[in-house]
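In my numbering, the protein residues as written are 46 to 327. Backbone N, C-alpha and C define an ideal beta-carbon position, used for all residues, glycine too. Take a look at the structure set out below.
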């Protein structure tokens, strides 16, 4: 069953990505997204109704990881629609206050659900049999009133809370991006103020070359419509560094007998360690 559900979510993500590319207006985009997600939610429910879970672990996996992926997107686009519909008319100061207030609402949810938030984020599983199996509700587990109105054949006591956590992450990112855009607009209006510091590349040229090829391979710049040479020259200009024969350096990187992506692997490891050790959750 879970494989069918996963394929449904993959198809949904493809549709949402298409909408994201084709529609610029966030309100229109959110309306269209909600409509598509609701149809996918109906199809997901049919899958659950027509099939039985093979084991308790499969049921827990579905309600802990699979269904929240879909529900979180519904919550996200619905909330973004509401936020933008209620956005006040006014200058940047008013908009910043409005978006900061919306961020505070997310913080309130985190504070109210701290115990479960810590359980979920820590990867704990000892209460999964109560949280993510149908009919296992316990009034002592701080149930939301919506649970008693939900379809218990398609809901558990905490799958919606997981979806809220995932959705809040996306909403927080959206709000922070809006604030950054406002700050950038303020900066532009202040005669395009230059950065107070100058960034210098202090890593090795080989590491920068490895990053250069990785970014070009991913098509990160200009939707992939840019030559490797142009990216290299841009790096050389902004960092005031001479990469020299970077194509030859890449051949040497490719010829490494072990860990050919040494710098990229190090970045991944360092970032994961930072995520694991992060204190500021929200």
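Selection from the options that minimises the alpha carbon distance to residue i
i	options	result
residue 64	57, 74, 55	74
residue 93	241, 282, 49	49
residue 28	206, 80, 241, 259	Outside the displayed range of the chain (46 to 327) lies residue 28, so it cannot be described from this structure.
residue 159	147, 197, 210, 139	210
residue 284	248, 70, 68	248
residue 208	95, 52, 113, 317	113
residue 145	161, 225, 170	225
residue 200	223, 180, 212, 214	180
residue 229	170, 109, 141	141
residue 223	303, 272, 128, 97	128
residue 321	98, 301, 299, 167	167
residue 47	60, 101, 70	101
residue 79	305, 61, 250	61
residue 148	214, 273, 97	214
heavy atom of the ligand GTP below 7 Å from residue i C-beta
i	result
residue 80	Ligands displayed in this structure: none; no statement on the ligand GTP is therefore possible.
Unbroken alpha helix (DSSP H) run spanning residue i, endpoints
i	result
residue 241	Taken as a continuous stretch (DSSP letters only), residue 241 belongs to no alpha helix (DSSP H), as it is neither H nor E.
residue 60	47 to 67
residue 19	For the chain, the structure presents residues 46 to 327; residue 19 sits outside this window and is missing.
residue 174	173 to 176
residue 349	The structure shown has nothing for residue 349, since the chain only spans 46 to 327.
residue 105	101 to 106
CB-CB length for residue i against residue j, believed under 8 Å
i	j	result
residue 281	residue 287	6 Å
residue 137	residue 227	5 Å
residue 115	residue 54	6 Å
residue 66	residue 82	With 8 Å as the limit, residue 66 and residue 82 do not qualify as a contact, their Cβ atoms being about 17 Å apart.
residue 164	residue 172	7 Å
residue 51	residue 111	6 Å
residue 85	residue 212	That belief does not hold up - the Cβ atoms of residue 85 and residue 212 are roughly 15 Å apart, past 8 Å.
* **Three-pair Cβ contact test at 8 Å for the stretch 171 to 182 versus the stretch 99 to 110** => yes
Discussion item. Extract the residue ranges of the alpha helix (DSSP H) inside the stretch 261 to 303, only unbroken runs of 4 or more that lie entirely within it.
Written reply: 273 to 284, 291 to 299
Practice task
Taking 8 Å as the threshold, find out whether the stretch 216 to 224 comes into contact with the stretch 114 to 125 through three or more Cβ pairs.
Solution key: yes
field: alpha helix (DSSP H) runs wholly inside the stretch 122 to 159, at least 4 long, in chain order
entry: 137 to 157
* Asked: Can at least three beta-carbon pairs, one atom from the stretch 285 to 295 and one from the stretch 249 to 259, be found at a separation below 8 Å?
  -> yes
For the structure I just gave you, are there three or more beta carbon pairs, one from the stretch 75 to 90 and one from the stretch 145 to 164, closer than 8 Å? no
Exercise. Looking at C-beta atoms only, is the number of pairs between the stretch 242 to 250 and the stretch 196 to 207 that lie closer than 8 Å three or more?
Worked result: no
Checklist entry - Which ranges does the beta strand (DSSP E) cover as unbroken runs of at least 3 residues, wholly within the stretch 194 to 225, from first to last along the chain? => result none
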